[in-house]
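Chains as they are written, first to last, in the working numbering: chain A, 772 to 1148; chain B, 245 to 548.
Where a beta carbon is used, it is the ideal one built from N, C-alpha and C, also for glycine.
On a predicted model such as this, the values are computed, not experimentally measured, just so you know.
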Amino acid sequence: MGGPHTSEDIEIEIPGTSSKEHSVSIQSLDLSFGAVEVLKNLNLDIEDGEFLVLLGSSGCGKSTLLNCIAGLLEITDGQIFIKGRNVTWAEPSERGIGMVFQSYALYPQMSVEGNLSFGLKNARMPKDQIAERVARAAEILQIEPLLKRKPGALSGGQRQRVAIGRALVRDVDVFLFDEPLSNLDAKLRADLRVELKQLHARLGNTMIYVTHDQVEAMTLADRIAIMKDGIIQQLAAPSEIYHRPVNKYVADFIGSPSMNFLEGFVQDGSFSGSAVSFPLVSYDFSRQDFTGAATFGIRPEHIVTGEAVTAAPVQLSVPVSVVEPLGADTLALTQLGGDPFWIRMEGEATVRAGDTLSIGFDPARGSLFDAQDEKRI
Amino acid sequence: MVDATAIEPRGPKPKRAFSSTNIMLYGTLLLVSVYYLLPLYVMIVTSLKGMPEIRLGNVFAPPLEVTFEPWVKAWAEACTGVNCDGLSRGFWNSVAILIPSVAVSIAVASVSGYALANWRFRGSETFFTILIFGAFIPYQVMIYPIVIILRELGGFLGIQLMGSIWGLVIVHTIFGMPILTLLFRNYFTSVPEELFKAARVDGAGFWGIFFKIMVPMSLPIFVVAMILQVTGIWNDFLFGVIYTKPETYPMTVQLNNIVNSVQGVKEYNVNMAATLLTGLVPLTIYFVSGRLFVRGIAAGAVKG
Chain A
772 MGGPHTSEDI
782 EIEIPGTSSK
792 EHSVSIQSLD
802 LSFGAVEVLK
812 NLNLDIEDGE
822 FLVLLGSSGC
832 GKSTLLNCIA
842 GLLEITDGQI
852 FIKGRNVTWA
862 EPSERGIGMV
872 FQSYALYPQM
882 SVEGNLSFGL
892 KNARMPKDQI
902 AERVARAAEI
912 LQIEPLLKRK
922 PGALSGGQRQ
932 RVAIGRALVR
942 DVDVFLFDEP
952 LSNLDAKLRA
962 DLRVELKQLH
972 ARLGNTMIYV
982 THDQVEAMTL
992 ADRIAIMKDG
1002 IIQQLAAPSE
1012 IYHRPVNKYV
1022 ADFIGSPSMN
1032 FLEGFVQDGS
1042 FSGSAVSFPL
1052 VSYDFSRQDF
1062 TGAATFGIRP
1072 EHIVTGEAVT
1082 AAPVQLSVPV
1092 SVVEPLGADT
1102 LALTQLGGDP
1112 FWIRMEGEAT
1122 VRAGDTLSIG
1132 FDPARGSLFD
1142 AQDEKRI
Chain B
245 MVDATAIEPR
255 GPKPKRAFSS
265 TNIMLYGTLL
275 LVSVYYLLPL
285 YVMIVTSLKG
295 MPEIRLGNVF
305 APPLEVTFEP
315 WVKAWAEACT
325 GVNCDGLSRG
335 FWNSVAILIP
345 SVAVSIAVAS
355 VSGYALANWR
365 FRGSETFFTI
375 LIFGAFIPYQ
385 VMIYPIVIIL
395 RELGGFLGIQ
405 LMGSIWGLVI
415 VHTIFGMPIL
425 TLLFRNYFTS
435 VPEELFKAAR
445 VDGAGFWGIF
455 FKIMVPMSLP
465 IFVVAMILQV
475 TGIWNDFLFG
485 VIYTKPETYP
495 MTVQLNNIVN
505 SVQGVKEYNV
515 NMAATLLTGL
525 VPLTIYFVSG
535 RLFVRGIAAG
545 AVKG
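Below is the structure:
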């Protein structure tokens, strides 16, 4: 950027800070657009070779965070380290990142080959080396027959492959994906998802992946960071996030249909709601001796029906209002205490709207949240 | 066996050639075409007639005897003041004014439009607003101040700007700026932002992105800008008459001097030929680039 700091003295600042071992490290990052605070004191350390997914609904700041890491947005405060190097003031091209965009962002007037080599040409790389890199990326992504074509003559999936290839040729440490599969149809999305996972296994690079699709997040991620209002709500492995959400927002966000919630009160190790009350015998409390208003959440797939009900610690009957057969399983929308209550059953389940269904669940599989601050109890 | 009434509706619905809609549509189009083409027809026909034939008064009649004499006279012999070398002098003056004016104004406007669209800087919106405001200030207000500026600037640089072709080039460049910058900015804003981001990640800078990404994608808007400037500058009369002198008059000013000369006989055929000759450049431009023009106008206008 032409500032007083050369790349040498930036390097010198680093040893001694803990960011050295991490592939990407973000320290107390703030970003505001005028008076609007988009990211607030955000800290995030990403391990070398990790696949991290930033998940959240639109407007949560996940794409903004990715743009900050890429250097496409000027940050208000904080530091960003990539491979132990402080890149806070570095240009996007100097950060050792490759980026894949939702709209592919291929240069329309250049051939696929031109698209792949554009960044290398800008870096003044020798021609034979460029050819070598392009050939390798094309081989990995199986786009060799397309090299001479223009992006306009490619299908959506092929375009996205080329976009990934453009990041690949740069031979960078960190890949950034900004909702790369959102513009593709469902089938292709599932295929490319698997390919991305294989690509990550093969290359072993650090990947940061932004999505609003929880299936992509659950299947791809080593760790998921769920964001809301510019704050990371929970950063954990997918199963941890699924089974032990730290707050009601995360619990509600992950899972489809989402978790069922019952309002009530916790006292002396028991939950009492308007429709149902039960003891929390084997529940793994995060906060002992909690007393007060609370929300109990249980996932639709953790509710049992049929024979298994007799063995369940909590048993009740609910009226069925809507049935959604999905083939592999069947969803039933029932009413419990006037609130909607989803149940996931096996695909062969024969249940109709208007039936009364006997259900059961184990409170230990559910989650309790403080009604005040919505945090896990 | 099958009669017409028994046919089940199937496939495309049959269309009647002389439906009332079609009659209305083509009738209107025909009427409007005649309205616009008739004067052009009269001009062409008159320019091919000799003066005796014109005096017969049959304005719409085709020429009995086709002659190109008026065209030759208009181009090479018609007199304005003491010069009797026809419109050719004005034509070459206009070309000499046109080429640098168009090139410089488009070069400057495309870069400023690109900077305003993609490299937002502090005060860029204010700057843009002021620029747009400039498009609505009547020219008349600025005529005299510009005379002074050209005179002083010329004196400062030690060259003759007022009255020279270069003075007029500067004036055309300045007056083209607001509308052209608006045009380019709007077009570049419609280019997906991610493309711009991708180019930055790929290490392209301000000029790299402009020349390698933006310009190759923007042929239509460059064509539109070129057409606007070529026709605007070619048809300009006011600036030409004010900021140049008789030796450097553009074609339009010279045409006026030929057509409105009060001495001698009115040579309608020469006047018509001279007018057609002057209009030939913009007309050719429209014919050659019509399709690109429409595409570019649409692309540039949609997003504001």
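Interface flag, residue i vs chain A, CB-CB below 7 angstroms
i: E252/B; result: no
i: I465/B; result: no
i: E511/B; result: no
i: S368/B; result: no
i: G447/B; result: yes
i: A361/B; result: no
i: P389/B; result: no
i: R364/B; result: no
i: R429/B; result: no
Residue nearest to residue i in terms of C-alpha spacing, selected from the options
i: M720/A; options: E1078/A, R1147/A, L826/A, K1146/A; result: What the structure shows of chain A is the stretch from 772 to 1148, and residue 720/A is not part of that stretch, so it cannot be assessed.
i: L418/B; options: V346/B, T488/B, N513/B, M268/B; result: A small fix is needed here, since residue 418/B is Ile in this sequence, not Leu. Of V346/B, T488/B, N513/B, M268/B, the residue nearest in Cα terms is V346/B.
i: V316/B; options: K510/B, M406/B, N515/B, K441/B; result: N515/B
i: T519/B; options: F400/B, W319/B, W410/B, Y493/B; result: W319/B
i: K441/B; options: I840/A, F1140/A, K811/A; result: I840/A
i: S1053/A; options: F1042/A, A1099/A, L1087/A; result: F1042/A
i: S349/B; options: F335/B, A448/B, V474/B; result: V474/B
i: L925/A; options: S882/A, K898/A, K892/A; result: S882/A
i: S408/B; options: P256/B, N302/B, E491/B; result: E491/B
i: Q1143/A; options: V1093/A, G1026/A, P1009/A, K1019/A; result: K1019/A
i: G301/B; options: W410/B, V286/B, G367/B; result: V286/B
i: I414/B; options: T425/B, G398/B, T265/B, L427/B; result: G398/B
i: K725/A; options: Q880/A, S796/A, A996/A, A938/A; result: As displayed, chain A neither begins before 772 nor continues past 1148, which places residue 725/A out of reach and without an answer.
DSSP state of residue i mapped onto helix, strand, coil
i: S368/B; result: helix
i: G849/A; result: strand
i: V546/B; result: Because V546/B sits at a pLDDT of 40, beneath the cut-off of 50, its placement in the model cannot be relied upon, and the point is left open.
i: V467/B; result: helix
i: D801/A; result: strand
i: R932/A; result: helix
i: S778/A; result: Note that S778/A scores a pLDDT of 42, beneath 50, so its modelled location is shaky and nothing firm can be said.
i: M745/A; result: An answer regarding residue 745/A cannot be provided, because it is not within the stretch 772 to 1148 covered by chain A.
i: P1096/A; result: strand
i: V824/A; result: strand
i: A1007/A; result: strand
i: L843/A; result: coil
i: V1091/A; result: strand
i: N812/A; result: strand
i: A535/B; result: Here the sequence assigns Arg to residue 535/B, which means Ala is not the residue at that position. Of the three classes helix, strand and coil, the one that applies to R535/B here is helix, per DSSP.
i: K791/A; result: Low per-residue confidence applies at K791/A: pLDDT is 48, beneath 50, and the placement is therefore not dependable enough to give any value.
Under 7 angstroms between C-beta atoms of residue i and residue j
i: T977/A; j: G842/A; result: no
i: H416/B; j: I457/B; result: no
i: A443/B; j: I453/B; result: yes
i: V981/A; j: L825/A; result: yes
i: A1083/A; j: G1131/A; result: yes
i: V1021/A; j: Q1038/A; result: no
i: I1074/A; j: I1114/A; result: yes
i: G1118/A; j: T1101/A; result: yes
i: G855/A; j: S799/A; result: no
i: T324/B; j: N504/B; result: no
i: R941/A; j: G869/A; result: yes
i: G936/A; j: L974/A; result: no
i: S332/B; j: P314/B; result: no
Beta carbon proximity, residue i to chain B, threshold 7 angstroms
i: Y1164/A; result: Nothing can be reported for residue 1164/A, as the shown portion of chain A is limited to 772 through 1148.
i: L802/A; result: no
i: G927/A; result: no
i: F889/A; result: yes
i: M772/A; result: With a pLDDT of only 39 at M772/A, under the threshold of 50, the placement of this residue in the model should not be trusted, and no figure is reported.
i: S874/A; result: yes
i: N893/A; result: yes
i: S864/A; result: yes
i: L826/A; result: no
i: M978/A; result: no
Complete runs of the alpha helix (DSSP H) confined to the segment 1015–1071 of chain A [at least 4 residues]
1019–1024
Open item on the list: What are the residues in the segment 274–302 of chain B lying within 8 angstroms of chain E by C-beta distance?
Closed with: No chain E is part of this structure, whose protein chains are labelled A and B.
Item checked: Complete runs of the alpha helix (DSSP H) confined to the segment 279–346 of chain B [at least 4 residues] -> 295–299, 313–316
Runs of alpha helix (DSSP H) wholly within the segment 961–1010 of chain A (minimum 4 residues, chain order)
Uninterrupted alpha helix (DSSP H) stretches at least 4 residues long and entirely within the segment 961–1010 of chain A occur at 985–991, given in chain order.
Checklist entry - Quick one: complete beta strand (DSSP E) runs, 3+ long, within the segment 420–457 of chain B? => result When DSSP assignments are scanned along the segment 420–457 of chain B, no uninterrupted stretch of beta strand (DSSP E) that is 3 or more residues long falls wholly within it.
Any chance you could list the alpha helix (DSSP H) runs of at least 4 consecutive residues sitting entirely within the segment 369–416 of chain B, in chain order?
Complete alpha helix (DSSP H) runs here, min 4: 383–401.
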